[in-house]
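> Under the UniProt record's numbering, residue 673 is the last one in the first sequence; the count climbs by one each step, no gaps.
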Amino acid sequence: MAPLPNKRQNLLPSGFISVREILDHKRGVGNLLNVIGVVKDFRAPVPTRRSDWKCEIRLYDNSAEDDSSNSLAINIFRPENEMPNPRLGDVIVLYHAKLQSHAETLSLVTHWTTDIYIYAANQIPRPPEGAKEALRPQPRKTTQSPGQVVHEYVSFLYHCIDKSNLPTEAEFQDMKVKSTIVTEKFKQLKDVRDGIFADVVVQLVKQPYDTGDKITLWVSDFTENDSFFHFVYTGLGAFAGQSADPEGHLATLPFGADPGTGEWKGPFGKRSMQVTCFDPHTTVIRERGLSTGSWVMLRNLQIKYGRNAANLEGFLREDRWASSLKINIVQMDVTDTESPDPHLKEAVRRKREYEREKKDQVQGIFNAAMAGKKRKSDMAEMGLPLSDKPKKKNKNRSKARKRAAEQKSSSVVSTAYSEVKCEYDNKPISTIGDILDPVYIQTDVNGNQVKLQLPFVNVNYRANVRVVNFMPPDLEDFAQPKKLTEYDILSDSEESDIELVSEGEAMVDRATAREWEWRFFLELEDANPPEDDREKKKTLWVAVNNLSAQCLLSLDASDLQQDEKNLEALRQRLFLLWGELEEKKSLEEDRKYQAALANRELNRPPPNSSDDESGSPQKQDVEPSQISNRPFTCCIHQYGVQVPEENPLKADAGEGKRWQRMFGLFGTRIAYN
DNA sequence: GGTTACCGGGGTTACGGT
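(1) Nearest to Gly433 by alpha carbon, out of Thr443, Glu104 and Val465?
(2) Alpha carbon to alpha carbon, what distance is there between Ser101 and Phe520?
(3) Taking all protein chains shown into account, decide if Asn528 is buried (16 or more other Cβ within 10 angstroms of its Cβ) or exposed.
(4) Extract the residue ranges of the alpha helix (DSSP H) inside the stretch 132-216, only unbroken runs of 4 or more that lie entirely within it.
(5) Just grab the DSSP bridge partners of Val35 for me.
(6) Is the CB-CB distance between Trp518 and Ala549 below 8 Å?
(7) Answer yes or no: do Val91 and Leu189 have a C-beta to C-beta separation smaller than 8 Å?
(8) Counting only runs that start and end within the stretch 422-450, where is the beta strand (DSSP E) found for 3 or more residues in a row?
(9) Taking just the CA atoms, how far does Val643 sit from Tyr461?
(10) In the DSSP output, what is Ala463 paired with across the bridge?
(11) So what does DSSP say about Val75, is it helix, strand or coil?
(12) Going along the chain, which residues of its own chain have a beta-carbon closer than 7 Å to the beta-carbon of Arg140, five neighbours each way excluded?
(13) May I ask you to list the residues that DSSP assigns as paired with Ala543?
(14) Quick check: what's the CA-CA separation for Pro455 versus His637?
(15) Under 8 Å by Cβ, that's how I've got Leu217 and Leu106 pegged, so tell me the actual separation to the nearest angstrom.
(16) Spell out the partners DSSP gives Phe278 in its beta bridges.
(17) Are Ile57 and Val39 close, meaning C-beta to C-beta below 8 Å?
(18) Of the choices Gln594, Glu152 and Gly266, whose alpha-carbon is the least far from that of Asp221?
(19) Does DSSP put Glu338 in a helix, in a strand, or in coil?
(20) Take the Cβ of Phe278 as the centre, count every other Cβ of all protein chains shown within 10 Å, and call the residue buried at 16 or more, exposed below.
(21) Look at Trp53 and Pro84 and say whether their C-beta atoms are less than 8 Å apart.
(22) Name the residue from Leu484, His159 and Pro86 whose alpha carbon lies nearest to the alpha carbon of Gln173.
(23) Consult DSSP for Val641 and reduce its assignment to one of helix, strand or coil.
(24) Would you mind reading off the limits of the alpha helix (DSSP H) that contains Arg573?
(25) Pull up the CB-CB distance for Pro13 and Val149, whole angstroms please, since I reckon it's below 8 Å.
(26) Under 8 Å: do the stretch 586-601 and the stretch 421-431 share three or more Cβ pairs, one atom per stretch?
(27) Pick helix, strand or coil for Arg669, following the three-state DSSP scheme.
(28) Secondary structure at residue 680, three-state DSSP: helix, strand or coil?
(29) What does a CB cutoff of less than 6 Å around Asp526 pick up in its chain, not counting 5 residues either side in sequence?
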């Protein structure tokens with residue numbers, strides 16, 4: 001007969017916490033905890049991406065023994081030769097194990113200061129004798145060590161705990177072996193077949209549909225599977241269902257998205273699969289706020305035909321035999337450019353290819369429509385495109401930048417026009433008025449010829465201008481923390497046009513920003529305004545993105561609040577461009593500020609480079625007449641961005657979105673000594 | 001100072017959406 005344990009042995013030694021208390025959130029994540037438990041499962045060491053290896057021990061104690069699911073994992077990251085090798089039923093004493101919430105589950109993880117002691121189950125004496133002799137040798141140096149109180153508690157715990165839920169020795173060994181077998185289950189959606197289970201990396205392409213007990217997702221990895229539903233791209237044909245306004249203009253033009261109905265926004269073709277998720281995954285989708293645009297890994301996704309027996313679907317169910325809650329939906333980090341997941345990277349690359357092809361196709365449709373429908377004089381109004389292929393833009397800008405670098409050391413003749421260089425110096429000049437003129441196409445809607453205003457066209461121009469204003473008002477803010485998009489995960493990520501509101505961008509904190517980019521706006525007026533514009537000079541806001549600004553300034557962006565040298569260089573270059581505009585604007589700002597203080601009206605319109613009536617910076621912060629800065633020739637391109645639009649009649653870029661015409665500067669360089 | 005990682009096996013609930 002085993003002697004009854006005495007009272008002292010019965011009590012968890014002070015400084016230790018029970019498994020039950022941990023699972024009941026009695027301690028916060030991040031705390032370092034001391035825990036004593038019995039080994040019920042072990043996943044053998046596997047290499048990690050770093051130099052450490054990783055193994056996992058699952059523990060339970062007598063606070064949680066009546067429920068087989070109440071056990072706690074300790075994740076051990078250490079060099080391979082310091083890995084513990086516990087056996088079934090061994091007692092583990094942990095010091096300073098960090099509590100974490102990983103994969104939506106509470107678990108322990110080793111910390112710098114964690115010590116792990118293992119007592120061999122078959123050597124633990126019956127209480128009240130302490131288990132000191134059962135201690136396995138330590139593979140590494142420790143800072144804490146168990147005393148007699150702990151040794152005695154180990155004996156008590158091992159002999160008194162309910163072991164009926166422990167696996168058999170054979171089962172334990174089997175699980176341990178299986179834990180190292182990693183079969184590649186990853187599949188691209190193009191390769192999924194009826195009846196298989198697969199891991200996939202996909203993007204949510206539609207808002208999750210939540211019925212309470214289940215959530216259905218539409219996902220794509222931008223591969224095609226013949227067994228998926230075919231989403232037809234209606235494209236330009238979609239406006240046949242819309243009505244023209246009394247003047248024969250359509251208010252909107254669908255362009256790469258479906259109008260009004262807000263239904264399918266792509267990808268089109270057989271690239272998307274429906275996935276039905278059940279608990280516990282639904283909870284994660286809600287709590288993480290997964291939504292359109294989120295990239296996720298779905299593990300062990302069951303693939304089979306849906307009820308209509310025509311299209312393959314995915315099913316994400318709970319893991320039946322998992323020893324604890326197992327979450328098979330994991331959000332992917334598209335901002336991790338350091339060590340991007342290769343599957344994610346490939347999927348993002350395919351998405352970019354898909355978007356490029358779609359854009360080219362849509363542009364092609366426009367070009368064909370315009371070539372067929374427009375009179376020649378209309379073409380002249382467009383400002384004679386220098387190139388109508390958006391793809392060439394970057395090449396041209398790179399060339400300009402390269403030339404800028406080449407000419408860096410060359411001497412510059414200091415005349416008004418020669419201090420700013422521009423690409424395409426043999427191309428005709430457009431006026432601001434030309435550039436601002438909307439472009440129409442004649443087309444056939446339900447048998448009627450209507451004149452249709454395009455929301456924007458991808459066209460390049462050259463113009464003689466001078467700068468009359470700029471945004472943001474402080475030069476320090478001309479450089480911003482680099483905004484990350486999902487395409488940044490690709491090593492050949494390209495410059496993107498400045499958008500007013502962009503989706504999928506991760507907000508970057510100024511304090512933690514590693515990379516900076518130029519991002520500012522210039523308001524331009526004609527250097528030699530046409531006669532009819534003399535009374536009310538037309539102006540145009542152009543966005544200057546990072547590449548254009550590098551070309552313009554021959555400077556790289558940095559944190560200008562810290563980098564005074566770069567700020568001063570920026571100020572000098574811009575002086576060559578706009579003379580004393582900054583000083584005058586600053587004086588004007590001061591004057592206005594004083595006036596506003598007096599009037600208690602400090603609200604200012606937001607910065608904006610569009611030509612839209614509602615959104616453009618209408619207020620002239622500086623009177624153009626006061627400006628005596630230098631005229632120069634520059635390249636301007638027109639492009640479109642999507643902006644939120646609550647009015648469904650105006651939402652021509654899909655649900656809640658409208659196309660907004662924008663202008664950007666490119667291929668222009670300030671020469672300097 | 002505090003990341004790294006998350007086995008196997010064989011699938012019901014629900015009935016919508018393109």
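Backbone N, C-alpha and C define an ideal beta-carbon position, used for all residues, glycine too.
On the basis of the coordinates in this document:
(1) On the first sequence, position 433 is the one that residue 433 refers to. Of the candidates Thr443, Glu104 and Val465, the one whose C-alpha sits nearest the C-alpha of Gly433 is Val465.
(2) The residue labelled residue 520 in the question sits at position 520 within the first sequence. The residue labelled residue 101 in the question sits at position 101 within the first sequence. Rounded to whole angstroms, Phe520 to Ser101 spans 41 Å at the Cα level.
(3) For the purposes of this step, residue 528 is taken as the residue at position 528 of the first sequence. By the neighbour-count rule (16 or more Cβ atoms within 10 Å), Asn528 is not buried but exposed.
(4) 148-160 and 169-178
(5) Here residue 35 refers to the residue found at position 35 of the first sequence. In the DSSP output, where bridge partners are listed per residue, Val35 has Leu94.
(6) As a working mapping, residue 518 is identified with position 518 in the first sequence. As a working mapping, residue 549 is identified with position 549 in the first sequence. In this structure, Ala549 lies closer than 8 Å to Trp518 by Cβ.
(7) In the first sequence, the residue the question calls residue 91 occupies position 91. In the first sequence, the residue the question calls residue 189 occupies position 189. It is not a contact, given that the beta carbons lie outside the stated cut-off.
(8) With a minimum length of 3 residues, the continuous beta strand (DSSP E) runs that stay inside the stretch 422-450 are 440-445.
(9) As a working note, residue 461 is residue 461 in the first sequence. As a working note, residue 643 is residue 643 in the first sequence. Each residue's alpha carbon lies about 24 Å from the other.
(10) Looking up residue 463 in the first sequence gives position 463. Cys634, per the DSSP bridge assignment.
(11) As a working note, residue 75 is residue 75 in the first sequence. It should be noted that the sequence gives Asn, not Val, for residue 75. Strand, per DSSP.
(12) One-based indexing of the first sequence puts residue 140 at position 140. Once the five neighbours on either side are set aside, the close Cβ partners of Arg140 are Glu82.
(13) Along the first sequence, one-based indexing puts residue 543 at 543. Phe521 and Gly664.
(14) Position 455 of the first sequence holds residue 455. Position 637 of the first sequence holds residue 637. Distance between the alpha carbons of Pro455 and His637: 14 Å.
(15) Position 217 of the first sequence, counted from the start, is the residue given in the question as residue 217. Position 106 of the first sequence, counted from the start, is the residue given in the question as residue 106. Wrong, their Cβ atoms sit about 26 Å apart, outside the cutoff.
(16) For the purposes of this step, residue 278 is taken as residue 278 along the first sequence, with counting starting at 1. Beta-bridge pairing links Phe278 to Lys214.
(17) Within the first sequence, numbered from 1, the residue matching residue 57 stands at position 57. Within the first sequence, numbered from 1, the residue matching residue 39 stands at position 39. Against a cut-off of 8 Å, the Cβ pair of Val39 and Ile57 comes out as a contact.
(18) Reading the first sequence from its first residue, position 221 is the one you call residue 221. For Asp221, the nearest C-alpha among the options comes from Gly266.
(19) Stepping through the first sequence from its first residue, residue 338 is reached at position 338. When DSSP states are grouped into helix, strand and coil, Glu338 belongs to the coil group.
(20) Position 278 of the first sequence holds residue 278. It counts as exposed.
(21) Sequence index remark: in the first sequence, residue 53 carries index 53 (1-based). Sequence index remark: in the first sequence, residue 84 carries index 84 (1-based). No, the Cβ-Cβ distance between Trp53 and Pro84 is not below 8 Å.
(22) Counting from one through the first sequence, the residue named residue 173 turns up at place 173. The candidate whose alpha carbon is nearest that of Gln173 is Pro86.
(23) Here residue 641 corresponds to residue number 641 of the first sequence, with the count starting at 1. Correct three-state label for Val641: strand.
(24) Sequence index remark: in the first sequence, residue 573 carries index 573 (1-based). Element bounds for Arg573: Glu564 to Trp578.
(25) For the purposes of this step, residue 13 is taken as the residue at position 13 of the first sequence. For the purposes of this step, residue 149 is taken as the residue at position 149 of the first sequence. Contact flag correct, Cβ pair sits at about 5 Å.
(26) Because the criterion of three Cβ pairs below 8 Å is not met, the stretch 586-601 and the stretch 421-431 do not touch.
(27) By one-based count along the first sequence, residue 669 stands at place 669. In the structure shown, Arg669 sits in a strand (DSSP, three-state: E or B).
(28) Because the chain here runs from 1 to 673, residue 680 falls outside it and cannot be looked at.
(29) Stepping through the first sequence from its first residue, residue 526 is reached at position 526. Correct list, in chain order: Thr431 and Ile432.
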